[in-house]
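Trainee:
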Amino acid sequence: MRYIRYAFLAALAIVLVTLALANRQSVVLNTLPEGLRGFPGAGLVDFSIEMPLFLVIFGGILAGLLIGFIWEWFREHKHRAEASRKTGEVRKLERELKKTQAERDKDKDEVLALLDQAS
């Protein structure tokens, strides 16, 4: 299984390097379209940057993954909270069970109490 993972990662690396080499031309990224640049206050958020296309592609993939991970983390919050609550409840019940068994076995012989706990 480890070799399959290494082979997959090597193939992915080859594909990404090939993609980067094929898309080295520069592109200009603007924060606003041409039509909105004339509005008042638009100069505060209007800037442009020139970078290679493969950085734009990889940045988009990375941003999509990051947004997806954060979205899932928030979506699964209720499940994690429920699991945490149930874990606390189990611990509480285990403590209560040990306390009840200790009270029950208070007058018994120690060996018999240990045998009861094992079964």
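Just so we're on the same page, our numbering is the position in the sequence shown counted from 1, plus 17.
Cβ atoms here follow ideal geometry from the backbone N, Cα and C, with glycine treated the same way.
Bear in mind the structure is a predicted one, so any value in this text is a computation, not a measurement.
1) What's the gap between the Cα of A30 and the Cα of A24?
2) From L82 to E113, what does the alpha carbon distance come to, in whole angstroms?
3) On the DSSP letters alone, give me the boundaries of the beta strand (DSSP E) that L46 sits inside.
4) Cβ atoms of N40 and S65: under 8 Å apart, would you say?
5) Measuring only the C-alpha atoms, how far is L26 from D122?
Mentor: Judging by the given coordinates:
1) 10 Å
2) Approximately 45 Å, taken between the alpha carbons.
3) Note, L46: beta strand (DSSP E), 43 to 47.
4) no
5) 59 Å
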